[in-house]
Amino acid sequence: MENSTIKLVGLSKHFGTIVAVEDINLTVQPGEFVTLLGPSGCGKSTTLRMMGGFEIPTSGRIYLGGDDVTDIPPNKRNVNMVFQDYALFPHMTSGQNIAFGLELQGKTKRETAQRVDELLEFMQLGGYKDRKPDELSGGQRQRVALARALAPDPRVLLLDEPLGALDAKLRKQVQIELKSIQKRTGKTFIFVTHDQEEALTMSDRVLVMNEGRIEQDGSPKDLYSHPETRFVADFIGETNMLECTVSGIDGKHVVLDWAGTELRGECRSAMPATGQSVGVVIRPENITCFPTKPKSPNVIKLKILQRVFKGSSTTFQTVVDESKSLTVTLDSIRAEKISGDTMWVHLDPDYLSVLLR
Amino acid sequence: MTRHTRLIMQMIYWAFVLYLFIPLSLMILMGFKDSNFIGFPIKSLTLDWYVGVIQDMEILSIFGYSFTIAISSTAIALVIGTWAAMLLTKASFKGKVILFALITLPAVVPGIISAISLRIYSQTLGIDPGMMAVILGHAVHSVPFVTLVSMARLNSQPLSHVEAAQDLGADKLVTFFRITLPYLVPALIGAGIFCMLTSFDDFVRSFFLGGYEPTLPVYIFAQLRTGMSPEINAISAVVLLITAVMGLTAERLLRRK
Amino acid sequence: MSSKVTPDSGSDPKGFWSWLVTNKIYQSVFGFLLGTPKRQFFLLAFIPIFWALFANLGPLLKMLDISFYEAYPLSVGKESSYSLAAWSEFFQSRVYYIPFFRTLAFSAALTFSALILTYPVAYFLARHVPQNRQMFFLLIVLIPFWVGEIIRTYAIMILLGNNGAVNIVLKFFGLIEQPIPFMYTSFSLSFGIVYLVSLYMLLPLYSSLEKIPSNMNEAAADLGAGAWRRFWKITLPLSKDGITAGCVLVFLISTGFYATPVILGGPSSTLFSEVIANTFSVAADRWPSGAAFSSIMLITTLTLAAVFLKIMGRGGKGLLK
């Protein structure tokens, strides 16, 4: 048996002439929390639904623990799903909802009751066994849905934007809960969301999807600090996008010309050719600043147009000259030391990512 | 709109209500008349006719016969109608529009033609006029209604409920009985009561398909041909009461979210 | 997370569904029947298709078939032979085609009367009654319609009879000396049928009027359109679907009444349903004629309804996704 829980090979899904998912390859390790992140219509839900068995792939295979399950219907796949609207059965109590999958595994009454109680306990739903879904709060419903999906002990748990229906405050709390549940159960979670914060907070690994393809596959930190494509850079967090021309290679760094300003940046993929136009990104908070000119390369003098106090941090809208602007975010304590309408900043080449796509 | 037109509208509505209720109220009233003769003036009132209806074994057995037919035909209609609705909402296939038209066809065939064609058909199938023929005739008439009501309800069922059940290991059959059917139940009870009412009230099919034993409307029709009597009024009033209670119950169930 | 397994103390039965899905017979039977999408479809489609063909279409086709017989039911030992006699019979006697055309004209006129009668009521219900009380107002008018054809026809008899309520009231006010013979005329029959069918007009009208957003009228009023103009230009066109559905329904239903014309009508108002029924009476027993007449009636009414729907421009069926 292979050591992966779920593996997608060249998976594609077309609806008529519309391409929903194109050539997805993915291997998920046991116990991983993997998130498919992307805007609506990017194919993330379709990919998840193919894993669940609700959509039949146009081409490609799906393996579950080494077995090809591409043609196995959902009721015979050892994979469970938490639906966006939870899909709790309205005519059954929480207990009956959780017991549903166990009964269909042919468990005895006692086994079923024991497992249901265990799960209710685990989800801190102790006193809610006999409540119907419409007598539960949003958060409780979400936990019942989770317990129901975990009950048959699936190999992989699929979660289709399960936090979408919760209000902002509750969502933060549930994100932490969900991560801790995943840790404690040791289950493989595949999570779908369009919310980048959710993805970064909970996941071990994030796949950013766009137009049916995977844009980037990496840890949250990787994605954030070292986006590989313009789409990822733009989709995740706030960013500065610098349109540059490559003027040469200097060791491991790329020498860039940003409309007259020379910069050095880092390129993780293949080195670009001289003269090529590239996008270069740097996060506003990865820019360090000095009141006076420091002695290192990649230093620029900025003219401050506006400063916005945001509590623990302060954001500066600045320009280098008429054609070039930068957004810089600093700790408020550091920001206080900046007076006047100019400042010196250092763009660390390690955080200045050169994007070829 | 002006207050003036609103008032006129309101008067038209209440006039319509009166138009609907006056004939029925008169009918109930005549059932209390202490005379064999239907019509005005009413000199004294009595409960005798109502008591008579409750004590008349023949009438009670006709009630029973009508109920048996109503319940049996409704049971058939519920099964077939739900089945057809499942097919028409859950599957996609060629000729779906044609099948939908065929399933709902009895709803647009005028009553007399429906009765005549069923009479001929049952004759060729060797089903003699009688209870069996009436039950089947009423079922044929009720299926379109059950189908339409079930389809409306099924179209509002979240797809995720069905998917969740399958995800948890249920095959199509278990999913239907444990998830979809419970979701349909309120609508089916409502539709079922209306089918029972339709069957209970139906004259034309019962008349042509029935044997020697009459259903209630057929009995009243036969009585009317020999002349009016307060006894018929009393029977009608009892039917009216039962009907109103059943109808209101069904209405509540059908409108429930 | 793993289940704690406690030692089995005594019997531990399975619930019904656990038992069912682990049952060998269930597994093999339904494992096979639900095994492929094709088999699943067959299981779902078999009964409805069977019913549509044998219970819905069958009787009408058999009726058409019988209409071409020389005689039916067949007497013992006789062969059936086909003939057009029953069809040509219809055109040969006034006794048949006059009631036929009378029925069509009568039903069309009654349909129109029902429309005029119920439109203001539907309008009032949908536009002037607050949303939360509409159901109550609607239920009031629904109740009488749940009572069957026969009982309501009888109620009309009591109302219109020579000693009926109308004549008594008229006499009381000295407007008449002799009772007006309402009964057994076209009047009593029309009155009765409109009384029976007006709900089938009211409900579609109400549901189409109810769907018109109220701000539509306000917007028109804002632009200076008067009440009548608003009605002609906005409300009436937007309730067209309801009018169409109501008219087709009422027309088809009113052509199909049998008991009501027998009870309320007279010799001068014989309807085609009575002609059809008479061919099935013990005395006449001319089934092929009845079948032919019914076929003519069915084809005519459905064609008229289809043409009407076409003219009013209604197609798609909302329930079929």
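Chains as they are written, first to last, in the numbering used here: chain A, 38 to 394; chain B, 8 to 264; chain C, -6 to 314. Glycine included, every Cβ here is placed at the ideal spot set by N, Cα and C.
*When A:163, A:76, A:97, A:174 are compared against residue 123 (chain A), the one with the closest alpha-carbon*: A:174
*Chain-ordered residues of the region 83 to 111 of chain A with a beta carbon less than 9 Å from chain B*: 86, 89, 90, 91, 110, 111
*Going along chain B in order, which residues have a C-beta closer than 8 Å to the C-beta of residue 141 (chain A)?*
175, 176, 177, 181
*In the structure shown, what three-state DSSP assignment does residue 244 (chain C) receive?*
helix
*When you compare only the Cα positions, how much space is there between residue 181 (chain B) and residue 96 (chain B)?*
18 Å
*Can you pull the DSSP bridge partners for residue 44 (chain A)?*
A:64, A:100
*When DSSP labels each residue in this structure, what does residue 7 (chain C) get in the three-state scheme?*
strand
*For residue 318 (chain A), which of A:303, A:227, A:312, A:119 has the nearest alpha-carbon?*
A:303
_When C:290, C:127, C:9 are compared against residue 90 (chain C), the one with the closest alpha-carbon_ = C:290
*Could you name the residues of the region 142 to 156 of chain A whose beta carbon sits closer than 9 Å to any beta carbon of chain C, in the order they occur along the chain?*
142, 143, 144, 145, 146, 147, 148, 149, 151, 152, 155, 156
*What number of angstroms, rounded off, separates the C-alpha of residue 333 (chain A) from the C-alpha of residue 158 (chain A)?*
58 Å
*asked:* Taking 7 Å as the threshold (C-beta atoms), are residue 224 (chain B) and residue 143 (chain C) in contact?
replied: yes
*asked:* Between residue 31 (chain C) and chain A, is the shortest Cβ-Cβ distance under 7 Å, so that the two count as touching?
replied: no
*Identify every residue that forms a DSSP beta bridge with residue 128 (chain A).*
According to DSSP, which records beta bridges pairwise, residue 128 (chain A) is partnered with nothing at all.
_Cβ distance (whole Å) where residue 40 (chain C) is taken to contact residue 90 (chain B) below 8 Å_ = 5 Å
_So residue 247 (chain A) and residue 194 (chain A) are supposed to be a Cβ contact under 8 Å. How far apart are they, rounded?_
At roughly 25 Å, the Cβ-Cβ gap does not stay under 8 Å, so residue 247 (chain A) and residue 194 (chain A) are not in contact.
_Based on DSSP bridge pairs, tell me the residues matched to residue 225 (chain A)._
A:193
*Would you tell me roughly how many angstroms separate the C-alpha atoms of residue 34 (chain C) and residue 87 (chain B), rounded to the nearest one?*
16 Å
*Should the region 27 to 40 of chain B be regarded as contacting the region 200 to 216 of chain B, the criterion being three or more beta carbon pairs within less than 8 Å?*
no
_So, at 6 Å on beta carbons, what are the nonlocal neighbours of residue 218 (chain B) in its own chain, with the 5 sequence-adjacent residues on each side left out?_
136, 137
*Scan the region 130 to 145 of chain B for residues whose Cβ lies nearer than 8 Å to a Cβ of chain C and list them as they occur along the chain.*
130, 131, 143
*Check the Cβ-Cβ distances between residue 51 (chain C) and every residue of chain B, and say whether any is below 7 Å.*
yes
_Helix, strand or coil for residue 252 (chain A)? Go by DSSP, reduced to three states._
strand
_Own chain partners of residue 160 (chain A) with C-beta closer than 7 Å, once the 5 adjacent residues on each side are dropped_ = 180, 183, 184
*Three-state secondary structure (DSSP) at residue 326 (chain A)?*
strand
*Cβ shell of residue 93 (chain B) (< 6 Å), same chain only, five flanking positions each side left out*: none
*Between which two residues does the alpha helix (DSSP H) carrying residue 139 (chain B) extend?*
138 to 162
*asked:* Here's a check: name, in chain order, each residue in its chain whose Cβ is nearer than 6 Å to the Cβ of residue 146 (chain B), leaving out the five neighbours to either side.
replied: 80, 83, 84
*Among A:280, A:290, A:323, the one whose alpha carbon lies nearest that of residue 313 (chain A)*: A:280
*asked:* On the CB-based measure, 16 or more other CB atoms within 10 Å of its CB, does residue 43 (chain A) come out buried or exposed?
replied: buried
*CB contact flag (residue 85 (chain A), residue 232 (chain A), <7 Å)*: no
*Can you tell me whether DSSP reads residue 114 (chain A) as helix, strand or coil?*
coil
*asked:* Less than 7 Å between the beta carbons of residue 216 (chain A) and residue 239 (chain A), yes or no?
replied: yes
_Cβ pair count under 8 Å reaching 3, the region 86 to 106 of chain A against the region 46 to 63 of chain A_ = yes
*residue 52 (chain B) vs residue 39 (chain B) beta-carbon contact at 7 Å*: yes
_Inter-residue Cα distance where the pair is residue 77 (chain B) and residue 55 (chain A)_ = 52 Å
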